[in-house]
Every structure is written in C-alpha cells, then in structure tokens.
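These notes are about the structure you will find just below.
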Amino acid sequence: MVAFMFSRRRRSKIPGPVFVGGTGRSGTTIMASLLGEHSAYHLIPIEARFHTEAAGFVGLTAGKVTPEQFRESMLGHYFHRTVNNGSARGLHLAGVQRDTLESAVERYLKKYQSDSAAAGADLMSSIFDPLVEQSQAHSWVEMTPPNVEQAAQLQRMFPDSRLIHIVRDGRDVAVSVASKSWGPNDPFAALEWWGTRLRRAEKEPAQPGYVMLVGFEALMDSDREGQFNRICEFLEISPEESMRAFFNEKMTTERARIGRWRRNVPEADHDRFEQAYREVVEKLRADGISSVEVLTT
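Residue numbers (our numbering): 311 to 607.
Now the structure itself:
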C-alpha cells in the first residue's frame, strides 16, 4: 500500500485539500465531483457545513455558541439528521464513524481557544483523513458553498490547501434558488440573494493565490478546454483519463442548462428581470467585487 502523508504532516508534492464554494446552485457539486475523479483526491460526498455555519466553528469561535451546544450539533445535526422530505443528511453518509467524530470533537474543544486554526485543522483532518486513506487517495475535496465566505480562515487552517470559487450567471442561479425551499421563492429577490453572497465571499479575502475564480458558463461552454486546463494548473495536477471522461460526459453544455432563466421567468418579465440583474452586477462591479469579472453573459 502507498504510504500517505496527511494534512498535519504533508510532504511537498503531495496535494493539500481542496475546498469548493460559491453561491448555492452555482455548480459547486459538479466542480467537486470533477476533482474527485482525480486519483489524488477523495471527494467528501456531502457538504460538511460545520466549518462555515453559525452552529459550528463560526458561532463557537465568536462566542455565540457554547462548547456544549457545539458538541451537541456536531454529534447530532452535523452527523445525522433528517430533512423535510424524509431523507438523511450528515457526515455519516460520507463514511465518518461516530467514535472518530466524538474523539475529534473533544480534542477540538480542548484546543480551540488557544489556537482555533490549528484546532479546526485537526478536527477536519481527523474526520476526513481516514476516508482518504481508505480510498488510497492523497487528500480530499470538500464542497460546502459558503467555503468562499470562510476563505481566509480555511487558508489559516490549511496553508497548503486551495479554494475554487465557481461563479454562475445570477439569473440562472436565481430561478434555481427560487424553486427550492431554503431560499427566496421569487426570482427577483433571489437575484439580490445572489449578489449578497458574492459580497460576503470577499468580505474577508484570503491571501493572493489561494482562491481561483471559475466562471460556470466558461467552464461548461465558451472556454471548456481553457478552464479545464487552468483548474489542473492551479492545483498542480496532471489531467487523468477518468477526470477527462467525467468532464466530457457529465459536464456538457446541454447539461449546464445555460440560460434556463428564459424558460422559467415569464416572457413578459424578461426585460425587467434582465434590468434587475444588470443593476446587481453593476453595483458589485462598482464596489470592486472581483467575482463578477468571470461572468460571460
């Protein structure tokens, strides 16, 4: 068996973790799945979320969540929960063992006040490294959308990691979000939701070179080869046959449903919807939000 060096003791030339983020419905899942096809990476098949949400790291380190509440959330909500449609969610679906999680959480609670970044890295590594070892990969890919809002903290936790921020046309994001139960149910309100989350992603930026911006439309349609190669170069990996096959078969222009907003928004509202979108983008650009620069439509 190959000998592995994980994130707490990683050699050079061994890839660090990759975080994938963006607004909801922006393509984070398909991006992470593409990277998971590479032999270097094990895809964490669920959104971990505890490192980006108020009930997890964010609330605890801000003093808004007690250690007891954090422990309860980690061993309950984040490990195993049931959503409205009756399906299960949580870390158990990724193969995380409860006893492993319990031990990792207790270590974290003993260390987070003195060094929250090191404690957080130890917690995530303790949970995910065993899954990596089982898969005979070298590192992992995690795909929680708000990763982009925690980029600076993730970089502090894992200096050898990288983050890919995928940005999708806000009109298509908005109509997709409006069809879900967890966001604004009106496409016009969802446009504002999209813009707000792009702002949050740059509120506390990471150091230069840590985040790569990828335009969903460019990747899926207008610059497929260029974007595919940019991603590999950014992560310093060589394209592999399985990764290429996934890209060609699963990440097609047809599957991307680019411009879906035209079918979901009543034709009578097209002009008003486009104007609302342009206004959101112009405000973001005027405020120096760099992510809009990768938009191609």
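Glycine included, each C-beta is placed from N, C-alpha and C at the ideal position.
Original post:
Does DSSP classify Tyr351 as helix, strand or coil?
Top reply: Along the sequence shown, one-based indexing puts residue 351 at 41. The three-state reading of DSSP puts Tyr351 in strand, counting E and B together.
Subject >> Three-state secondary structure (DSSP) of Ala398 >> reply: In the sequence shown, residue 398 corresponds to position 88, counting from 1. Reduced to three states, the DSSP call for Ala398 is strand.
Original post:
Can you list the beta strand (DSSP E) stretches of 3 or more residues lying completely in the stretch 502 to 533, in chain order?
Top reply: Fully enclosed beta strand (DSSP E) runs of 3 or longer: 521 to 525.
Original post:
Where do the N-terminal and C-terminal ends of the beta strand (DSSP E) with Val590 fall, by residue?
Top reply: Locating residue 590 in the sequence shown gives position 280, where the first residue counts as 1. Looking at the DSSP string, Val590 is not in any beta strand (DSSP E); the run it does join, the alpha helix (DSSP H), is His580 to Ala596.
Original post:
Got a sec? Which residues, its chain only, sit under 6 angstroms from Ala427 by beta carbon, not counting five neighbours each side?
Top reply: The residue given as residue 427 occupies position 117 in the sequence shown. Scanning its chain for C-beta atoms nearer than 6 angstroms, with the 5 sequence neighbours on each side dropped, one finds around Ala427 the residues Arg466 and Met467, in chain order.
Subject >> Closest residue to Thr607 among Asp597, Phe526, Glu559 and Lys560 (Cα-Cα distance) >> reply: Here residue 607 refers to the residue found at position 297 of the sequence shown. In this structure, Phe526 is the residue among Asp597, Phe526, Glu559 and Lys560 with its C-alpha nearest to the C-alpha of Thr607.
Original post:
Going by C-alpha distance, which of Leu403, Glu559 and Gly505 is nearest Met530?
Top reply: As a first step, residue 530 is located in the sequence shown; it is residue number 220 there, counting from the start. The alpha carbon of Met530 has as its nearest neighbour, out of Leu403, Glu559 and Gly505, the alpha carbon of Glu559.
**OP:** Note down, in chain order, each residue of its chain lying with its Cβ closer than 6 angstroms to the Cβ of Leu370, except the 5 sequence neighbours on either side.
**Re:** Along the sequence shown, read from residue 1 onward, the residue named residue 370 stands at position 60. Cβ-Cβ distances below 6 angstroms link Leu370 to Phe380 in the same chain, with the five nearest sequence neighbours on each side left out; the list follows chain order.
Original post:
Where Tyr388 and Thr339 are concerned, what is the direct C-alpha to C-alpha distance, given to the nearest angstrom?
Top reply: Residue numbering aside, residue 388 sits at position 78 when the sequence shown is read from its first letter. Residue numbering aside, residue 339 sits at position 29 when the sequence shown is read from its first letter. When only Cα atoms are considered, Tyr388 and Thr339 end up about 19 angstroms apart.
Original post:
Val521 and Ala429 look like a contact to me (Cβ under 8 angstroms); what is the Cβ gap, rounded to whole Å?
Top reply: Reading the sequence shown from its first residue, position 211 is the one you call residue 521. Reading the sequence shown from its first residue, position 119 is the one you call residue 429. Contact annotation, Val521 with Ala429: C-beta distance approximately 23 angstroms; criterion of less than 8 angstroms not satisfied.
Subject >> C-alpha distance - Leu464 paired with Ala578, whole-angstrom precision >> reply: The residue you call residue 464 lines up with position 154 of the sequence shown. The residue you call residue 578 lines up with position 268 of the sequence shown. Here the C-alpha atom of Leu464 lies approximately 44 angstroms from the C-alpha atom of Ala578.
Subject >> Cβ-based neighbour list, Trp504, same chain, cut-off 8 angstroms, excluding 5 preceding and 5 following >> reply: The residue you call residue 504 lines up with position 194 of the sequence shown. Cβ within range, chain order: Thr333, Gly480, Val483, Ala484, Val487 and Val590.
Original post:
Exposed or buried, what is Glu512 when buried is set at 16 or more other beta-carbons lying within 10 Å of its beta-carbon?
Top reply: Within the sequence shown, numbered from 1, the residue matching residue 512 stands at position 202. Counting Cβ neighbours within 10 Å, Glu512 comes out buried, since at least 16 surround it.
**OP:** Note down, one range per segment and in chain order, each alpha helix (DSSP H) of at least 4 residues found wholly within the stretch 422 to 451.
**Re:** Segments of the alpha helix (DSSP H) lying fully in the stretch 422 to 451: 426 to 445.
Subject >> Span of the alpha helix (DSSP H), counted from its first residue to its last, around Ile340 >> reply: The residue you call residue 340 lines up with position 30 of the sequence shown. Ile340 -> alpha helix (DSSP H) spans Thr338 to Gly346.
Subject >> For Phe329, the residue or residues it bridges with in DSSP >> reply: In the sequence shown, counting from the first residue as 1, residue 329 sits at position 19. Under DSSP, the beta-bridge partners assigned to Phe329 are Glu452 and Leu473.
Original post:
Taking the alpha-carbon positions, what's the Ser445 to Ile568 distance?
Top reply: The residue you call residue 445 lines up with position 135 of the sequence shown. The residue you call residue 568 lines up with position 258 of the sequence shown. Ser445 and Ile568 have their alpha carbons spaced roughly 34 angstroms apart.
Subject >> Opposing strand residues paired with Thr392 [DSSP bridges] >> reply: Mapped onto the sequence shown, residue 392 falls at position 82. Under DSSP, the beta-bridge partners assigned to Thr392 are Ala398.
Original post:
How many angstroms separate the CA atom of Asp597 from the CA atom of Phe498?
Top reply: Counting from one through the sequence shown, the residue named residue 597 turns up at place 287. Counting from one through the sequence shown, the residue named residue 498 turns up at place 188. Going from the Cα of Asp597 to the Cα of Phe498 covers about 21 angstroms.
Original post:
Going by the CB atoms, is the gap between Ile474 and Ile541 shorter than 9 angstroms?
Top reply: Along the sequence shown, one-based indexing puts residue 541 at 231. Along the sequence shown, one-based indexing puts residue 474 at 164. The answer is yes: Cβ separation under 9 angstroms.
**OP:** With a cut-off of 8 angstroms on the beta carbons, I'd call Gly366 and Ser383 a contact; round off their distance for me.
**Re:** Mapped onto the sequence shown, residue 366 falls at position 56. Mapped onto the sequence shown, residue 383 falls at position 73. The beta-carbon separation of Gly366 and Ser383, rounded to 7 angstroms, stays under the 8 angstroms limit for a contact.
**OP:** From the DSSP output, in three-state form, read off Ala372 for me.
**Re:** Indexing the sequence shown from 1 puts residue 372 at position 62. Coil at Ala372, not helix or strand.
**OP:** With a cut-off of 8 angstroms on the beta carbons, I'd call Val328 and Leu545 a contact; round off their distance for me.
**Re:** Indexing the sequence shown from 1 puts residue 328 at position 18. Indexing the sequence shown from 1 puts residue 545 at position 235. About 6 angstroms separates the CB atoms of Val328 and Leu545; that is less than 8 angstroms, so the two are in contact.
Original post:
Who are the Cβ neighbours of Ala566 in its own chain at under 6 angstroms, not counting the five residues just before and after it?
Top reply: Residue numbering aside, residue 566 sits at position 256 when the sequence shown is read from its first letter. Cβ within range, chain order: Met530.
**OP:** Could you work out which residue in Ala358, Glu412 and Asn574 is closest to Glu452 when comparing CA atoms only?
**Re:** Here residue 452 is taken as the residue at index 142 of the sequence shown, counted from 1. Comparing alpha-carbon positions, the option among Ala358, Glu412 and Asn574 lying closest to Glu452 turns out to be Ala358.
**OP:** Report the rounded CA-to-CA distance for Asp533 versus Leu344, giving the unit in angstroms.
**Re:** Sequence index remark: in the sequence shown, residue 533 carries index 223 (1-based). Sequence index remark: in the sequence shown, residue 344 carries index 34 (1-based). Looking at the two C-alpha atoms, the distance is approximately 16 angstroms.
Original post:
Candidates Val368, Ala431, Phe360 and Arg509: which alpha carbon is nearest Gly400's?
Top reply: Taking the sequence shown and counting its residues from 1, one reaches residue 400 at position 90. Of the candidates Val368, Ala431, Phe360 and Arg509, Phe360 places its Cα closest to the Cα of Gly400.
Subject >> Candidates Asn395, Thr362 and Glu514, of which the one nearest Lys490 by Cα >> reply: Position 180 of the sequence shown, counting from 1, holds the residue named residue 490. When only C-alpha atoms are compared, the closest one is Asn395.
**OP:** Please report how far the alpha carbon of Arg318 lies from the alpha carbon of Ala431, in whole angstroms.
**Re:** Locating residue 318 in the sequence shown gives position 8, counting from the first residue. Locating residue 431 in the sequence shown gives position 121, counting from the first residue. Per-residue confidence for Arg318 stands at a pLDDT of 38, beneath the threshold of 50, marking its modelled position as unreliable; no derived number is given.
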